[in-house]
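One structure is given below, encoded as structure tokens.
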Amino acid sequence: RVTEWLHEAMDGVASALADPIRRQILRLLRESPLSAGAIAVEIAGAFAVSRPAVSRHLRVLREAGLVHDEAAGRERVYRFDATPLADLAAFVALLRTPCDVPAEWERRFSALETEVHRTRKKKRASQVAKLDTPRRKSA
3 RVTEWLHEAM DGVASALADP IRRQILRLLR ESPLSAGAIA VEIAGAFAVS
53 RPAVSRHLRV LREAGLVHDE AAGRERVYRF DATPLADLAA FVALLRTPCD
103 VPAEWERRFS ALETEVHRTR KKKRASQVAK LDTPRRKSA
């Protein structure tokens with residue numbers, strides 16, 4: 003159940019990040035907290051969207067945990083929260099890490115082969131040394 007919740011949370015974050023307007027809102031909020039009105043003005047300058055549409059985008063970001071809001075007089079001030087990005091970043095890092103299991107086993111087998119050759123060589127050298135050593139006859 004915990005992993006199911008984690009996947010749902012990560013899906014929510016990924017879904018929230020999928021929209022260019024929401025990404026722009028996060029860029030704005032990364033710099034400093036802003037009121038919903040200030041966000042709407044900034045976004046309207048870059049995208050053709052209404053204030054209610056900006057409010058819906060803010061709701062999606064809030065539900066994903068990427069922004070938090072608080073009342074400041076008659077306005078709502080939004081702050082960026084990068085915490086939910088950690089699980090998504092870990093997942094992306096996992097995908098970027100090469101899954102090179104065969105190469106790892108190849109390295110281990112190569113090390114084993116080297117050790118076998120070293121042991122055989124040592125054993126042969128020991129046997130040759132025994133043959134080269136003159137035997138003393140017991141009286």
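When we follow my numbering, the leftmost residue of the sequence shown carries the number 3, and every step to the right adds one.
Cβ coordinates follow ideal geometry from the N, Cα and C atoms, glycine included.
{"Check": "Selected residue, minimal CA-CA separation from T85, among L63, T121, R98", "Outcome": "L63"}
{"Check": "CB-CB length for V15 against L68, believed under 8 Å", "Outcome": "7 Å"}
{"Check": "Cβ contact (3+ pairs, closer than 8 Å) linking the region 102-116 and the region 20-30", "Outcome": "no"}
{"Check": "Close Cβ partners of R76 (< 8 Å) along its chain, the five nearest in sequence each way excluded", "Outcome": "none"}
{"Check": "DSSP beta-bridge partners of A74", "Outcome": "E77"}
{"Check": "With 16 other Cβ atoms within 10 Å as the buried cut-off, status of L87", "Outcome": "buried"}
{"Check": "Cα-Cα separation, P35 to R98", "Outcome": "32 Å"}
{"Check": "Span separating the alpha-carbon of T121 from that of R110", "Outcome": "17 Å"}
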